[in-house]
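Protein chains: 2
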Amino acid sequence: MISHKILKRFLLYRICLNKFQRLGFTKVFSYNLGEEAGVTAEQVRKDFSCFGIKGSKRGGYEIEYLLQEINNIFRQNGERYVIIVGMGNIGQALANYQGFRENKIITVAGFDLDPSKYTRKNVIPVYHPDKIEEIIREYGVKAAIIAVPEAAGQEVCDKLVSSGILAILNFSPMILHVPEHVTVNYVNLRNELESLFYYT
Amino acid sequence: MISHKILKRFLLYRICLNKFQRLGFTKVFSYNLGEEAGVTAEQVRKDFSCFGIKGSKRGGYEIEYLLQEINNIFRQNGERYVIIVGMGNIGQALANYQGFRENKIITVAGFDLDPSKYTRKNVIPVYHPDKIEEIIREYGVKAAIIAVPEAAGQEVCDKLVSSGILAILNFSPMILHVPEHVTVNYVNLRNELESLFYYT
Ligand SMILES: NC(=O)c1ccc[n+]([C@@H]2O[C@H](COP(=O)([O-])OP(=O)(O)OC[C@H]3O[C@@H](n4cnc5c(N)ncnc54)[C@H](O)[C@@H]3O)[C@@H](O)[C@H]2O)c1
Ligand SMILES: NC(=O)c1ccc[n+]([C@@H]2O[C@H](COP(=O)([O-])OP(=O)(O)OC[C@H]3O[C@@H](n4cnc5c(N)ncnc54)[C@H](O)[C@@H]3O)[C@@H](O)[C@H]2O)c1
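Protein chains in written order, with numbering that gives the first Met the number 0: chain A, 0 to 199; chain B, 0 to 199.
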């Protein structure tokens, strides 16, 4: 099982490799990549071995090959669809963000119980939650964002899982119960802010 | 040095203790708290010893005492002020969130270069960044949120640090360079969403 920490390191490696490529390099050694990413050369090689990524015969790694391998890890070679359930403060902030599209992540639709959210003003179409299953099937969506109040979190989660969602990013401050084959990542903004005050 | 992981566990302990108190309990043992929080009883005792939190003579811990100790860790006994720099998608989502106030975290002001953000519509007053130092001094603010584009991140950070900020929550996707006495927590929403696709 690959941990969340390793995946985050690969996303960091990709940023570093893109930077090296912009500077005109075509090859990189584990110690240069490690130095740029702030980890040891050993850690880089260990991470690469988790995904069967090998160096070239004459030593070092081709940058283009590494970038392709990392894209495979994050399914970047096709369209990556996501839906957002809950189009309040957080849902709208995520829907309005253009950076996801640059990364080939397409937010196909939002869902909300409140009809005032179904306006033309939104960047993405917003529907009633009854259409969740239909949209997931139509686009083959596998990932979803939950940005509803705590009380509605588990019920929304159950509907997503039964419609075939495999990975969820949850902003509501509660633990979601899901079957083995489904992964939940949490962003708890209250705790992120709260823990700051320990340092003041 | 107390790690971010330990602080997050204390925030989780507080949620569990509040729940026990609502159910009418006045005392708790490390194994009940551990079970509710999903950690071992040993881990609970180890965490408590980091802050010199002791059990009562007859065994177990008074819930009221524990809650007070945790409030001290997060400076909850006074007003906790924070400012937000960058009042775009993220800044506004955070400013509009009422949950922080329930937790005695007061967002005193927002700052943005764009004059269209200085409208009455906002929940909090929004000023030009030139007023950052004045507001920090007036309220004795020690914590700040950075929600500006990557290009402006370091410059905003430098201004906050020179005005006396000790802890920063950074949403822009870059590493901020700060002196030893300043702490930066990161929320990288792109990586949070990106890593989901590994599981699809
Ligand atoms: N905004 C923040 O800065 C912030 C900070 C900390 C935590 N959170 C958490 O993130 C979540 C979202 O916060 P927010 O500020 O965007 O809340 P919000 O109240 O602005 O938005 C929630 C939206 O969910 C919709 N909704 C409610 N039940 C629903 C259901 N069953 N199906 C579909 N939609 C439903 C509501 O109509 C509303 O539009 C909450 O759980 C909150 O506790 C937010
Ligand atoms: N919205 C999201 O879902 C999301 C996702 C991933 C990453 N991020 C990151 O979070 C940060 C904020 O994102 P956003 O969507 O809110 O961006 P945004 O463009 O909506 O808002 C940025 C705001 O910062 C202001 N600003 C620019 N330079 C400034 C300066 N020097 N001083 C004060 N204000 C300044 C702009 O006027 C604007 O209002 C960005 O770094 C972005 O890359 C956001």
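Ideal placement from N, C-alpha and C gives every residue a C-beta, glycine not left out.
Quick caveat: nothing in here was measured; it's all calculated off a predicted structure.
Between residue i and residue j, how many whole angstroms is the CB-CB distance? I'm expecting something under 8 Å.
i, j, result
"residue 137 of chain B", "residue 162 of chain B", "Their Cβ separation, rounded to whole angstroms, is 11 Å, which puts residue 137 of chain B and residue 162 of chain B out of contact at 8 Å."
"residue 141 of chain B", "residue 165 of chain B", "5 Å"
"residue 170 of chain B", "residue 135 of chain B", "Rounded, the Cβ-Cβ distance is 19 Å, inconsistent with contact."
"residue 43 of chain A", "residue 33 of chain A", "5 Å"
"residue 190 of chain B", "residue 159 of chain A", "Residue 190 of chain B to residue 159 of chain A, Cβ: 21 Å. No contact."
"residue 199 of chain B", "residue 74 of chain A", "6 Å"
"residue 200 of chain B", "residue 139 of chain B", "Because chain B spans 0 through 199 in this model, residue 200 of chain B falls outside it and cannot be assessed."
"residue 13 of chain B", "residue 66 of chain B", "7 Å"
"residue 226 of chain A", "residue 180 of chain A", "This structure gives no information on residue 226 of chain A, because the portion of chain A shown stretches from 0 to 199."
Using a threshold of 7 Å, state whether the C-beta atoms of residue i and residue j are closer than that.
i, j, result
"residue 108 of chain A", "residue 123 of chain A", "yes"
"residue 94 of chain B", "residue 106 of chain B", "yes"
"residue 60 of chain B", "residue 27 of chain B", "yes"
"residue 192 of chain B", "residue 168 of chain A", "yes"
"residue 29 of chain A", "residue 40 of chain A", "yes"
"residue 46 of chain A", "residue 83 of chain A", "no"
"residue 110 of chain A", "residue 96 of chain A", "no"
"residue 19 of chain B", "residue 62 of chain B", "yes"
"residue 187 of chain A", "residue 172 of chain A", "yes"
Go ahead and label residue i buried or exposed: buried means 16 or more other beta carbons lie within 10 angstroms of its beta carbon, across all protein chains shown.
i, result
"residue 116 of chain A", "buried"
"residue 85 of chain B", "buried"
"residue 24 of chain A", "exposed"
"residue 49 of chain A", "exposed"
"residue 174 of chain B", "exposed"
"residue 113 of chain B", "exposed"
"residue 150 of chain A", "exposed"
"residue 37 of chain B", "exposed"
"residue 194 of chain B", "buried"
"residue 72 of chain A", "buried"
"residue 22 of chain A", "exposed"
"residue 77 of chain B", "exposed"
"residue 104 of chain B", "buried"
"residue 98 of chain A", "exposed"
Which runs of the beta strand (DSSP E) fall wholly inside the stretch 20-61 of chain A and span at least 3 residues, in chain order? None, since the stretch 20-61 of chain A contains no complete beta strand (DSSP E) of that length.
In chain order, which continuous runs of the alpha helix (DSSP H) of length 4 or greater are located wholly inside the stretch 97-156 of chain A? Fully enclosed alpha helix (DSSP H) runs of 4 or longer: 98-101, 131-138.
Counting only runs of 3+ residues fully inside the stretch 160-189 of chain A, write out the beta strand (DSSP E) ranges in chain order. 166-169, 182-185, all fully within the stretch 160-189 of chain A.
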